[in-house]
Amino acid sequence: MKKLILVQVFSFLLIFFCLNESKATEKPEKEIFWKAGIARAKITPEEPIWMAGYASRDHPSDSILADLWVKVLAIEDDKGKKAVLITTDLLGIPKKMSDRIRNQLAVRYGLTRAQIILSSSHTHTGPVLMDALFDIYPLGDKEIDVIRRYSSNLEKKIVALTGDAINSMVRARIFSGNGVTRFQVNRRNNSEAELERQTSLNGPNDFAVPVLKIMDTSGKLMAVAFGYACHPTVLNFYNFSGDYPGFAQIELEKLHPGVTAMFFQGAGADQNPLPRRTVPLAIQYGRELSAAVERVLAEELRELKPSLSTAYSEIDLPFAALPTEEELKKLQSETEGYQKRWAESQLEILRKNGSLLKSYSYPVQVWKLGDQTLMVLGGELVIQYSIELKKLFGHDIFVIGYSNDGVAYIPSDAILQEGGYEGELSQMVYGMPAKWEYGIETRIIEELKKLAVKAGVEQVSH
Ligand SMILES: [Zn+2]
């Protein structure tokens, strides 16, 4: 009897240990991953077309220095929530075009505005798009036709590519971090002509190089999305190129064959790459930026949990005092070039609508990928926004401008008071009726605080 009990106890213990053993070799819980998919297409114009970014240009494009691209990264978290980051080697995407594209993405793939970042690098050696910055160029009907054709193909391409990116999603891991490179120069507070003699540079700046690293589950690099806050204005000639961001992408894709490198512009509206104006300089800055990204990729990065939250809204930004009909008529008769064309188009709006535009609906967006926050804004955002937002939400957040609507310059309240190109003169170039009203900076930041709460992003200071 005693023997039998001992045998039973022994067999029980044996089974117990065997079970535990098999438990130990089994993975403790199912691993959870992101899904990610990438699609890309060349968007270099195939015929001569007017180029965007400089009012002084007097004829369409001559040739191609480097191809232009649209690239789409689709991601999905472990609950099935999707988002797409679309980057383009373009000056900016005007509101009407952006609305058409984002409406299509809603119809075809069920993506809300909160789930889409449609961004542009702001290269100044890309094509003029439909509905954008027309006042600054003396365009004839034939030239407008070329722009219309190009723009409509571009819209279709972006919509189709977004579908391709979503359909190609595989299990993936996403990492994030910030690097640094310092070729941006605050163009309001340093004189380009004096630069050679200057022994120190005046700020403010934000030299951060935000990086998202996307890998498949076998550890293979799939894509790198990175940014920098600086105008792509090294080049101003008549050959297409992505400027320094284009060369940074080319360099990274050369170093990592098969990988897609995507650039998003930061709050670089008052930052220039200086000195500038030669192709070797554009290549140099591209390599500097890609080297900064390479360093981030090589170091230990923060892995992001596969949880995604997104928030988006549009707020009314008011204009300051509007010009009167008499003032516009005076400008129409006394000025030439883009000022005259601006006065004419404002008078036309006045005749049609009985009044000028009093405010503008401005897009504001927040994404949270795991612990990584992205704050995304429309238009040409000046560096102060990046500085203020990082004070509020921490220095590791990504601040992205030039997205969802290439509206106009978005100056800080200090720059609005100082005036100058970013604060006042550029509004005419953008076809706006007047400068922005003082206080837009506070309105935008207050809205971002609200969206941050929705997206589960916490403030580090109040
Ligand atoms: Zn600009």
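Be aware that the sequence shown starts at 4, since it is given in my numbering, and climbs by one per residue.
The C-beta atom is built at its ideal place from N, Cα and C for all residues, glycine as well.
Taking all protein chains shown into account, decide if I35 is buried (16 or more other Cβ within 10 angstroms of its Cβ) or exposed.
Position 32 of the sequence shown holds residue 35. I35 comes out exposed.
Which of the three DSSP states, helix, strand or coil, is assigned to F36?
Translated into positions along the sequence shown, residue 36 becomes position 33. Three-state DSSP puts F36 in coil, outside helix and strand.
Cutting at 7 Å between CB atoms, please list the residues of its own chain near R446, excluding the five before and the five after it.
In the sequence shown, the residue the question calls residue 446 occupies position 443. Within the same chain, Cβ atoms closer than 7 Å to the Cβ of R446 are found at I318, L320, the five residues on either side in sequence being excluded.
Report the option in D134, R279, V214 whose CA atom is closest to the CA atom of K99.
For this step, residue 99 is matched to residue 96 along the sequence shown. The candidate whose alpha carbon is nearest that of K99 is D134.
Closest by C-alpha distance to T184, when choosing among Y288, L372, E421, V227
Sequence index remark: in the sequence shown, residue 184 carries index 181 (1-based). That would be Y288, whose Cα lies nearest to the Cα of T184.
How many Å lie between K30 and K38 at the Cα?
Taking the first residue of the sequence shown as 1, we reach residue 30 at position 27. Taking the first residue of the sequence shown as 1, we reach residue 38 at position 35. With a pLDDT of 45 at K30, under the threshold of 50, the modelled position of that residue is not reliable, and no figure is offered here.
Supposed close pair E425, Y433 - CB separation, criterion 8 Å:
Within the sequence shown, numbered from 1, the residue matching residue 425 stands at position 422. Within the sequence shown, numbered from 1, the residue matching residue 433 stands at position 430. 11 Å between Cβ atoms; not a contact.
Bridge partner(s) assigned by DSSP for Y433:
Along the sequence shown, one-based indexing puts residue 433 at 430. BP columns for Y433 are empty, so no partner.
What separation, rounded to the nearest whole angstrom, lies between the Cα atoms of C233 and G271?
Here residue 233 corresponds to residue number 230 of the sequence shown, with the count starting at 1. Here residue 271 corresponds to residue number 268 of the sequence shown, with the count starting at 1. Taking the straight line from one Cα to the other gives about 4 Å.
Looking only at its chain, what residues have a beta carbon closer than 7 Å to the beta carbon of G182, apart from the 5 residues adjacent to it on each side?
Working through the sequence shown from its first residue, we reach residue 182 at position 179. For G182, the CB contacts under 7 Å within the same chain, skipping 5 residues up- and downstream, are V212, V214, A295, V296, R298, V299 in chain order.
Pairing CB atoms from the segment 404-421 with CB atoms from the segment 436-452, are three or more of them under 8 Å?
Cβ pair count under 8 Å is three or more, so yes.
G166 in three-state terms, based on DSSP:
Translated into the one-based positions of the sequence shown, residue 166 becomes position 163. If DSSP states are grouped into helix, strand and coil, G166 belongs with the helices.
Tell me which same chain residues have a C-beta within less than 6 Å of the C-beta of S312, skipping the five on either side of it?
The count along the sequence shown starts at 1 and reaches residue 312 at position 309. Excluding sequence neighbours, S312 sits near K371, A458, G459.
My parser needs the beta strand (DSSP E) runs of 3 or more residues fully inside the segment 252-301; what are they?
The qualifying runs are 263-268, 274-276.
Below 9 Å between beta carbons: does that hold for R103 and Y241?
As a working mapping, residue 103 is identified with position 100 in the sequence shown. As a working mapping, residue 241 is identified with position 238 in the sequence shown. In this structure, Y241 does not lie closer than 9 Å to R103 by Cβ.
What residue range is occupied by the uninterrupted alpha helix (DSSP H) comprising L114?
Sequence index remark: in the sequence shown, residue 114 carries index 111 (1-based). No alpha helix (DSSP H) contains L114, which DSSP labels as neither H nor E.
Residue ranges of each alpha helix (DSSP H) run of no fewer than 4 residues wholly in the segment 370-425, ordered along the chain?
As summarised for the segment 370-425, the continuous alpha helix (DSSP H) elements at least 4 residues long and confined to that stretch are 386-396, 416-421, given in chain order.
In terms of residues, what are the limits of the alpha helix (DSSP H) holding L224?
By 1-based counting over the sequence shown, the position of residue 224 is 221. Segment 224-231 is the beta strand (DSSP E) holding L224; no alpha helix (DSSP H) there.
H398, buried or exposed, once every other Cβ within 10 Å from all chains shown has been counted against 16:
Here residue 398 refers to the residue found at position 395 when the sequence shown is read from its first residue. That one is exposed.
Identity of the residues DSSP links to Y363 by a beta bridge
The residue you call residue 363 lines up with position 360 of the sequence shown. Note: Y363 sits in a beta bridge opposite L320.
Buried or exposed by the 16-neighbour rule on C-beta atoms within 10 Å, applied to S221:
Position 218 of the sequence shown, counted from the first residue, corresponds to residue 221. Answer is exposed; the Cβ neighbour count stays below 16.
Can you tell me which of L307, R111, S122, Y112 puts its alpha carbon nearest to the alpha carbon of E383?
Mapped onto the sequence shown, residue 383 falls at position 380. Of the candidates L307, R111, S122, Y112, the one whose C-alpha sits nearest the C-alpha of E383 is S122.
What separation, rounded to the nearest whole angstrom, lies between the Cα atoms of Q349 and I448?
Counting from 1 along the sequence shown, the entry for residue 349 is found at position 346. Counting from 1 along the sequence shown, the entry for residue 448 is found at position 445. When rounded, the distance between both Cα atoms is 30 Å.
Burial state of N407 (16 or more Cβ within 10 Å):
In the sequence shown, the residue the question calls residue 407 occupies position 404. Classification for N407: buried.
Within this structure, are the beta carbons of A285 and L238 separated by less than 9 Å?
Working through the sequence shown from its first residue, we reach residue 285 at position 282. Working through the sequence shown from its first residue, we reach residue 238 at position 235. Contact: yes.
Alpha carbon of E347 to alpha carbon of P207, nearest angstrom
Start at 1 with the first residue of the sequence shown, and residue 347 comes out as number 344. Start at 1 with the first residue of the sequence shown, and residue 207 comes out as number 204. Rounded to whole angstroms, E347 and P207 show a C-alpha spacing of 37 Å.
Alpha carbon to alpha carbon, what distance is there between I78 and S179?
The residue you call residue 179 lines up with position 176 of the sequence shown. The residue you call residue 78 lines up with position 75 of the sequence shown. Distance between the alpha carbons of S179 and I78: 14 Å.
State buried or exposed for G83, treating a residue as buried only when at least 16 other CB atoms are found within 10 Å of its CB.
For the purposes of this step, residue 83 is taken as the residue at position 80 of the sequence shown. Classification of G83: exposed, given that the 10 Å Cβ count is below 16.
Can you give me the C-alpha to C-alpha distance between Y231 and G404, rounded to a whole angstrom?
To locate residue 231, count along the sequence shown from 1; it is residue 228. To locate residue 404, count along the sequence shown from 1; it is residue 401. Cα to Cα, the separation comes out at about 10 Å.
Where does N275 land, buried or exposed, given buried means 16+ other C-beta within 10 angstroms?
Within the sequence shown, residue 275 is the residue found at index 272, counting from 1. Buried: at least 16 other Cβ atoms inside 10 Å.
Between A323 and V369, what straight-line distance do the alpha-carbon atoms span, to the nearest angstrom?
For the purposes of this step, residue 323 is identified with residue 320 of the sequence shown, where counting begins at 1. For the purposes of this step, residue 369 is identified with residue 366 of the sequence shown, where counting begins at 1. As the crow flies, the alpha-carbon of A323 is around 28 Å from that of V369.
Cβ of T313 versus every heavy atom of ligand 1: is any distance shorter than 8 Å?
Translated into positions along the sequence shown, residue 313 becomes position 310. Flag unset: Cβ of T313 not near ligand 1.
Residues sharing a beta bridge with D219, DSSP:
Position 216 of the sequence shown, counted from the start, is the residue given in the question as residue 219. Beta-bridge pairing links D219 to A175.
Cβ of Y153 within 9 Å of any chain B Cβ
In summary, chain B is missing from the structure at hand, where a single protein chain is found.
At the level of alpha carbons, what is the spacing between F229 and D273?
Position 226 of the sequence shown, counting from 1, holds the residue named residue 229. Position 270 of the sequence shown, counting from 1, holds the residue named residue 273. Computed Cα separation, rounded: 19 Å.
Count the C-beta pairs between the segment 191-203 and the segment 242-249 that are closer than 8 Å, then say yes if the count reaches three, no if not.
By the Cβ rule, the segment 191-203 does not count as touching the segment 242-249, because fewer than three pairs are nearer than 8 Å.
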